[in-house]
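Protein chains in written order, with UniProt numbering: chain V, 1 to 523; chain U, 1 to 523.
Every residue, glycine too, gets a C-beta built ideally from N, C-alpha and C.
Fair warning: this is a prediction, and the values are worked out from it, not measured in the lab.
There are 2 protein chains.
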Amino acid sequence: MQRAAALVRRGCGPRTPSSWGRSQSSAAAEASAVLKVRPERSRRERILTLESMNPQVKAVEYAVRGPIVLKAGEIELELQRGIKKPFTEVIRANIGDAQAMGQQPITFLRQVMALCTYPNLLDSPSFPEDAKKRARRILQACGGHSLGSYSASQGVNCIREDVAAYITRRDGGVPADPDNIYLTTGASDGISTILKILVSGGGKSRTGVMIPIPQYPLYSAVISELDAIQVNYYLDEENCWALNVNELRRAVQEAKDHCDPKVLCIINPGNPTGQVQSRKCIEDVIHFAWEEKLFLLADEVYQDNVYSPDCRFHSFKKVLYEMGPEYSSNVELASFHSTSKGYMGECGYRGGYMEVINLHPEIKGQLVKLLSVRLCPPVSGQAAMDIVVNPPVAGEESFEQFSREKESVLGNLAKKAKLTEDLFNQVPGIHCNPLQGAMYAFPRIFIPVKAVEAAQAHQMAPDMFYCMKLLEETGICVVPGSGFGQREGTYHFRMTILPPVEKLKTVLQKVKDFHINFLEKYA
Amino acid sequence: MQRAAALVRRGCGPRTPSSWGRSQSSAAAEASAVLKVRPERSRRERILTLESMNPQVKAVEYAVRGPIVLKAGEIELELQRGIKKPFTEVIRANIGDAQAMGQQPITFLRQVMALCTYPNLLDSPSFPEDAKKRARRILQACGGHSLGSYSASQGVNCIREDVAAYITRRDGGVPADPDNIYLTTGASDGISTILKILVSGGGKSRTGVMIPIPQYPLYSAVISELDAIQVNYYLDEENCWALNVNELRRAVQEAKDHCDPKVLCIINPGNPTGQVQSRKCIEDVIHFAWEEKLFLLADEVYQDNVYSPDCRFHSFKKVLYEMGPEYSSNVELASFHSTSKGYMGECGYRGGYMEVINLHPEIKGQLVKLLSVRLCPPVSGQAAMDIVVNPPVAGEESFEQFSREKESVLGNLAKKAKLTEDLFNQVPGIHCNPLQGAMYAFPRIFIPVKAVEAAQAHQMAPDMFYCMKLLEETGICVVPGSGFGQREGTYHFRMTILPPVEKLKTVLQKVKDFHINFLEKYA
Chain V
1 MQRAAALVRR GCGPRTPSSW GRSQSSAAAE ASAVLKVRPE RSRRERILTL
51 ESMNPQVKAV EYAVRGPIVL KAGEIELELQ RGIKKPFTEV IRANIGDAQA
101 MGQQPITFLR QVMALCTYPN LLDSPSFPED AKKRARRILQ ACGGHSLGSY
151 SASQGVNCIR EDVAAYITRR DGGVPADPDN IYLTTGASDG ISTILKILVS
201 GGGKSRTGVM IPIPQYPLYS AVISELDAIQ VNYYLDEENC WALNVNELRR
251 AVQEAKDHCD PKVLCIINPG NPTGQVQSRK CIEDVIHFAW EEKLFLLADE
301 VYQDNVYSPD CRFHSFKKVL YEMGPEYSSN VELASFHSTS KGYMGECGYR
351 GGYMEVINLH PEIKGQLVKL LSVRLCPPVS GQAAMDIVVN PPVAGEESFE
401 QFSREKESVL GNLAKKAKLT EDLFNQVPGI HCNPLQGAMY AFPRIFIPVK
451 AVEAAQAHQM APDMFYCMKL LEETGICVVP GSGFGQREGT YHFRMTILPP
501 VEKLKTVLQK VKDFHINFLE KYA
Chain U
1 MQRAAALVRR GCGPRTPSSW GRSQSSAAAE ASAVLKVRPE RSRRERILTL
51 ESMNPQVKAV EYAVRGPIVL KAGEIELELQ RGIKKPFTEV IRANIGDAQA
101 MGQQPITFLR QVMALCTYPN LLDSPSFPED AKKRARRILQ ACGGHSLGSY
151 SASQGVNCIR EDVAAYITRR DGGVPADPDN IYLTTGASDG ISTILKILVS
201 GGGKSRTGVM IPIPQYPLYS AVISELDAIQ VNYYLDEENC WALNVNELRR
251 AVQEAKDHCD PKVLCIINPG NPTGQVQSRK CIEDVIHFAW EEKLFLLADE
301 VYQDNVYSPD CRFHSFKKVL YEMGPEYSSN VELASFHSTS KGYMGECGYR
351 GGYMEVINLH PEIKGQLVKL LSVRLCPPVS GQAAMDIVVN PPVAGEESFE
401 QFSREKESVL GNLAKKAKLT EDLFNQVPGI HCNPLQGAMY AFPRIFIPVK
451 AVEAAQAHQM APDMFYCMKL LEETGICVVP GSGFGQREGT YHFRMTILPP
501 VEKLKTVLQK VKDFHINFLE KYA
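Below, the structure written as C-alpha cells:
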C-alpha cells in the first residue's frame, strides 16, 4: 500500500494536492467549481459506451416503456410548465397499470397487508377478524414473524401452500404440489428466470424460443439478453387472433435450419391481442409440444380477465392432466400468474408465482440455487399474492365487500372491452377483433401510403409515426404494433381499456377524430 | 387448426381418448390414478436436464444459501418430527437477516409503510403526524396515489430526490443528482444490472471483473451467469483484511493475459471480512481505477455498520469528488445501498438504490431501457428506502423514539462485534480480525491434517466438513470460507453477529467447545 501511495504522490497520475487532506466541504466546493469551469477539457473517453457495452443488452427493445413513453413524459413536463397544447393531460393508455388509472385497491387485500406491515394494528377494532386471521397466518410463517426478514428463496411456505390450493380449486381438483410453486417478483421475473436456465448451445444448436407475434415484448427482450434465438409464430388476425397449430409447425420446421427450438411460449389470454384460447386449441398445442419435445411456458397472468360470454379460461396445467398420463407425466410446463392484473391490479408490489410441472429434480435444485443468489422475492409481494389466491369466502366477515369490489372491477372491464371493440369498428380504416380477455385493444389501423412515406422520412416505423402524432395531437399515449410484432405491411397499436368508462369514451372519440383527420391529411 | 386436430385424432401421438371431452374432475382423478400406477413406464427423457441446461447457470455457486443451509433445513424438520439431537434448535447464523434473529423493525418506518399501504389510516389518531406527512408525500408521487401502481422504471421521483439529498448530507455537501439515482430491488439487483451492461467481448477480450477474495458470492454468481472472467484480488488477512493496491496491480497485470479487466468491485465495509477502508486506501483505489481505466463498483450496503471507534465510513463518491476534477469528471462509479442492512434490517422489502457517476448519457438510456423490461422495483421497497434516507429529524414528533431504536440496534451490534472478536481470539486455533464494520465475523480456523483427510474422504472442502460437523453437533449454521474464497490452505467460516447478546454468548461458547473437541478428535 505504501508503495502505491508513493506512486500516487510521485505523480503517476495528475496530482491534485490542493484538494487532498483538506476539509471535505471546501474540497467539494472546489471540485464542483472546477468542474463548472472546465468540465470538457479534462474529460477522458468513457469505459462504458454504446460501443463497448454488452451487445445483447444493446439489442433489447421494450416498446411498452419505449420512446413513445419518454415523449409522453416530456409532454407532461411541458404541460406542467404551462406550455399550451391541444389537450390538458396525457392519458397513459400504454401500460396495464390499473390503479394508476384510478382503480381502487381491493380493501381486504390492503387491510391484510397493513396488518402484516404494522402488527400493532392487530389490536385495532377497525380491522375485520378475517383480515387479522390472514395476517397472523402469514406473519407466523415469516422469519421473526416479520415481512422484513428474507423468506426462503422459493417463497414463504404457507403462501406456496395457498397457491397450490388455489390452483387445485381453479382446475377442478387437478392436484397441485406446493413444492412445484415458486414465488416470484412479478411474472416477468419467473419468465426470465426459467428462460435463463433453458438457454444453451452455440451456432445451430443455440436454443430457439417460440413466441407469438404479436407478443408481449418481455419475451423478445429476455431472448435478446440471453442471446437465444427468437422463433416467431403468427397469430391469426382474420380468426380473432387464434393460435393455429399448423403455423406452429411451419415455424418450428423453419427454425430447425438455424437453431434448436426447445421452448414454446404461449400467452393466454393474449397480450396484446386479447384472445382467449379454446380448450381444443390448448390440447392441440400441448400435443404439439409433446411431439416436438418443447418445454412449454404458459403466461396466464390474465386468467381472471375473460369477458366474452362464450369464452372461458382453461389452464394449460388442467388440460395437460386431462389429456392423460403420457402427457401429464412427460410434458414440461411452467405457468405464471401475477398480482398485477386480474381484478386487484397490484402492479407495484411485484408479486407473482410460477408453477412447474415435470421439472427434473436436479433442475429444481438448480432453480432454487439461481433464485437464492437474489435472496428472495419481495415478501410484501408474496403476501399480496397470498390474498389473491386466498380471498374471503362465503360466511367470512369481508366476503360481501370483497365480492362487490371484485365484481365491480371485472364488470366494468367487460363493459369497456365491448365498448372499445364497438367504437373502434365504427371508424373507417380501423378494425378491432373482439376483446375476449386481458385488458387491451390491439386494433389494426390503415395507414395511407403518404403517411408511410412521411414516417420513412422521419426514420420511424409507420405505426410509431402514427402513435407519435396521436400523442402530440391528443395527449393519448398508446404503443405502436411494431413494438409487439405484426405481419409485414400491417399496422396496429395497443391501448389499455383501463380508464374509467366516461374517460374511455372520450379517449375513443378522440382517437376516432384523430384517425379520420389523419386519413384525410395523408390521402 | 382442424388439420392439426385431425393429426392428433389419427394417433400421431399416443391417444388418450378416455380422458378427452370428459368432465374435468373425473378425468383428473383418472389421470392422477394412472400416474400412480405407472409413472415410470411412460416417462420420456426430460428436455431440461443438467446436461442440456445453461452451463453458465450450472456453474453458479451461492454458498450463503448453499448445501449447508439445505442441511440446516433438514435438521429443523427432524427436530420438528421429534428426532433427538444434542440441541433443540437450529441457529441460522449464515445470513445477515436481522429481523429473523429477533431484531424489531424501526417503528417509524413501519408506520409510514402501513399508512402508504392502507391510506384510510391517514385519518387515524394513533399515527404520528410526521409519519403521515411522509406517507402523503410518497403517495402523492405514486400513480393513482397508490403503492399498487407501477413506478417509473428508475423509481419514484420524490424518493430519488430524497436519496440524492441523503447522499449530499452524508458526503458533507458533495452534490448528488436525482437523475443519477436508480432505485433497485435490493442492492443485488443494482449490482447484477450494471454488470450485465458492462460485460462484453469474447476470448481474450472478454470482460474481466475484479473482486476481492474473500468476496460476497453474489459477485462470483453474477460473473458466472454472464460468462465474464472473474479476476481475484486478495485482501490482506495479516493486516486486518486491508485492501492493498499492490495486490490490485498484480491481479490486473496477470489478468490482462487472458481477458480485458474493465470493472473493479469493492465491498466497504467488507463482507464477509468486516474491515472498514481508510480514506487513504480509497484514494489509492480510485487512483488505480483511473490509471487502469476500470469502472468502479462500490458496494456500500454496510455504510451505517461501523463499530471500531478509530474507523469511519467514507463513501467512494465523496473521496472521488475531493480528489479533484480529473477524477470526479472521469472515473465511472456505481455505488450501492440497501434497506436490508444498517439499523433497519428490512431485508424482505427488497429496497435499494444505485448512484452512478460519469455514466455516459447514452448508457443511462440503455440502463433505463433494461430496467423497464422488469417494469419497476417493488414500490413498497422504494417507500422503505425513502424512510431510510429521510428519517425523523430533531423537532419532529417521532425523532426521539426513532433515535432510541436506532442507537439501540447499532449500540448492540458494536457490543456484539467486540464480544465476538474477543471470544474467538481466546480459542486456540481460531484467529479473528477486529470486526470494524458490517455484521459478520470471518475467523480463521486451524483444521488438523487428519480432519483435512477426513474431509477429502467425504469429497468436501475441509471447512465445509468443519461447518457440517458444527451444524450436526451444535445446531449452529455458519458458511464455510470456501464459499467466499480464501488463500489456498487457509480455512475460515462466516458467522453473523445478529443473535441477541445472551444467545450470541451461548453460540460462541458452543463454537469454542466444538472447536476444542474437533482439534482433539483429529489431533
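Exercise for review: Using alpha carbons as the reference points, say which of Ile167/U, Leu198/U and Ile159/U lies closest to Thr184/U.
Suggested key: Among Ile167/U, Leu198/U and Ile159/U, the Cα nearest to that of Thr184/U belongs to Ile159/U.
Point to revise | For Ile91/U and Pro502/U, the rounded distance between their alpha carbons | key: One detail in the question is off: residue 502/U reads as Glu in this sequence, not Pro. As the crow flies, the alpha-carbon of Glu502/U is around 13 Å from that of Ile91/U.
Check your understanding: What is the rounded straight-line gap between the Cα of Leu470/V and the Cα of Gly144/V?
Key -> In a straight line, the C-alpha of Leu470/V is about 53 Å away from that of Gly144/V.
Review point. Roughly how many angstroms lie between the CA atoms of Gln382/V and Ser338/V, to the nearest whole one?
Key: Distance from the CA of Gln382/V to the CA of Ser338/V, rounded to the nearest whole angstrom, comes to 10 Å.
Check your understanding: What first and last residue would you give for the beta strand (DSSP E) that runs through Phe87/U?
Key -> The continuous stretches of beta strand (DSSP E) do not include Phe87/U, and DSSP gives it neither H nor E.
Check your understanding: Exposed or buried, what is Glu340/U when buried is set at 16 or more other beta-carbons lying within 10 Å of its beta-carbon?
Key -> The question names Glu, but residue 340/U in the sequence shown is Ser. Here Ser340/U is buried: its Cβ has 16 or more other Cβ atoms, across all protein chains shown, within 10 Å.
Practice item. Examine the Cβ distances between the region 77–89 of chain U and the region 485–505 of chain U and report whether three or more of them are shorter than 8 Å. Key: Contact between the region 77–89 of chain U and the region 485–505 of chain U is absent, with fewer than three C-beta pairs closer than 8 Å.
Check your understanding: Is Val8/U close to chain V, meaning its C-beta is less than 8 Å from at least one C-beta of that chain?
Key -> Only weak support exists for where Val8/U lies, its pLDDT of 33 falling under 50; the value from the coordinates is given anyway. Yes, contact with chain V.
Review point. Are the C-beta of Gln111/U and some C-beta of chain V separated by less than 8 Å?
Key: Using beta-carbon distances, Gln111/U counts as an interface residue toward chain V, with a partner under 8 Å.
Practice item. Scan the region 132–166 of chain U for residues whose Cβ lies nearer than 9 Å to a Cβ of chain V and list them as they occur along the chain. Key: Listed by position along the chain: Cys142, Gly143, Gly144, His145, Ser146, Leu147, Gly148, Ser149, Tyr150, Ser151, Ala152 and Ser153.
Review point. Quick one: what does DSSP say His360/V is sitting in, helix, strand or coil?
Key: Judged by DSSP in its simplified three-state form, His360/V adopts coil rather than helix or strand.
Exercise for review: Flag His360/V as yes if its beta-carbon sits less than 8 Å from any beta-carbon of chain U, otherwise no.
Suggested key: Taking a beta-carbon distance threshold of 8 Å, His360/V counts as an interface residue toward chain U.
Check your understanding: Can you name the residues that DSSP bridges to Thr496/U?
Key -> Paired residues: Tyr440/U.
Check your understanding: Which class does Asn390/V belong to by DSSP, given the choice of helix, strand or coil?
Key -> Of the three classes helix, strand and coil, the one that applies to Asn390/V here is coil, per DSSP.
Practice item. Determine, using beta carbons only, whether His314/U and Ile282/U come nearer to each other than 8 Å. Key: With a cutoff of 8 Å on beta-carbon distance, His314/U and Ile282/U are scored as near each other.
Check your understanding: Rounded to a whole number of angstroms, what is the C-alpha to C-alpha distance between Asp97/V and Tyr150/U?
Key -> One alpha carbon belongs to Asp97/V, the other to Tyr150/U, and they sit about 6 Å apart.
Practice item. Can you grab the Cα-Cα spacing for the pair Val479/V / Gly324/V, in whole Å? Key: Taking the straight line joining both Cα atoms gives about 41 Å.
**Study point:** Proximity winner among Lys58/V, Glu45/V and Val174/V, relative to Val368/U (alpha-carbon distances)
**Key:** Closest by alpha carbon: Lys58/V.
**Study point:** Alpha-carbon to alpha-carbon, Arg312/U and Gly11/V
**Key:** Any reading at Gly11/V must be qualified, since the residue scores a pLDDT of 31, below 50, and its modelled position is unreliable; no value is offered.
Review point. Should the region 440–453 of chain V be regarded as contacting the region 493–510 of chain V, the criterion being three or more beta carbon pairs within less than 8 Å?
Key: Yes, the region 440–453 of chain V touches the region 493–510 of chain V.
Check your understanding: Just the Cα atoms here: how many angstroms apart are Gly13/U and Ile138/U?
Key -> Because the pLDDT at Gly13/U is just 34, under 50, the model does not fix this residue reliably, and the point stays unresolved.
Point to revise | Presumed contact (8 Å Cβ cut-off) between Asp299/U and Cys265/U, rounded CB distance | key: Taking 8 Å as the upper bound for CB-CB distance, Asp299/U and Cys265/U are in contact here, some 7 Å apart.
Practice item. Note down, in chain order, every chain U residue with its Cβ under 9 Å from the Cβ of Lys262/V. Key: Among the residues of chain U, those whose CB is under 9 Å from the CB of Lys262/V are Ile47, Leu48 and Ser52, following chain order.
Exercise for review: Could you check the C-alpha separation between Gly411/U and Gly345/U for me, to the nearest Å?
Suggested key: Taking the straight line joining both Cα atoms gives about 15 Å.
Review point. At a Cβ cut of 8 Å, what residues of the region 175–203 of chain V count as close to chain U, listed as they run along the chain?
Key: For the region 175–203 of chain V, which is checked against every Cβ of chain U, the residues closer than 8 Å are Pro175, Thr185, Gly186, Ser188, Asp189, Ser192, Lys196, Ile197, Leu198, Val199 and Ser200.
Review point. Grouping DSSP H, G and I as helix and E and B as strand, with all else coil, what is Ala31/V?
Key: Annotation note: pLDDT 41 at Ala31/V (below 50); position unreliable, no value reported.
Point to revise | When Asp177/U, Lys293/U and Pro86/U are compared against Met354/U, the one with the closest alpha-carbon | key: Selected option, being the one with the closest Cα: Asp177/U.
Check your understanding: What residues from chain U crowd round Arg312/V, counting only those whose CB sits closer than 9 Å?
Key -> Neighbours of Arg312/V on chain U: none; closest Cβ ~11 Å, over 9 Å.
Practice item. Tell whether a beta-carbon distance below 8 Å holds between Ile213/V and Leu235/V. Key: Going by beta carbons, Ile213/V and Leu235/V fall inside the 8 Å limit.
Review point. Taking C-alpha atoms, which residue in Leu519/V, Gly102/V and Val245/V lies nearest to Ala289/V?
Key: Looking at Leu519/V, Gly102/V and Val245/V, the one whose alpha-carbon comes closest to that of Ala289/V is Val245/V.
**Study point:** Spatial distance of Asp257/V from Ile47/U (CA atoms)
**Key:** Taking the straight line from one Cα to the other gives about 19 Å.
Check your understanding: How many angstroms separate the CA atom of Pro378/V from the CA atom of Tyr349/V?
Key -> A straight-line Cα-Cα distance of about 8 Å links Pro378/V and Tyr349/V.
Check your understanding: To the nearest angstrom, how far is it from the Cα of Ser124/U to the Cα of Phe108/U?
Key -> About 15 Å.
Check your understanding: Taking Cβ-Cβ distances shorter than 7 Å, what residues in chain U pair up with Cys259/V?
Key -> By Cβ distance, chain U contributes nothing, its closest Cβ being about 14 Å from Cys259/V, past 7 Å.
**Study point:** Closer than 8 Å to chain U by CB, Glu74/V
**Key:** At least 8 Å separates the CB of Glu74/V from every CB of chain U.
Practice item. Return no unless some Cβ of chain V is closer than 8 Å to the Cβ of Cys467/U. Key: Answer no: the Cβ-Cβ gap between Cys467/U and chain V never drops below 8 Å.
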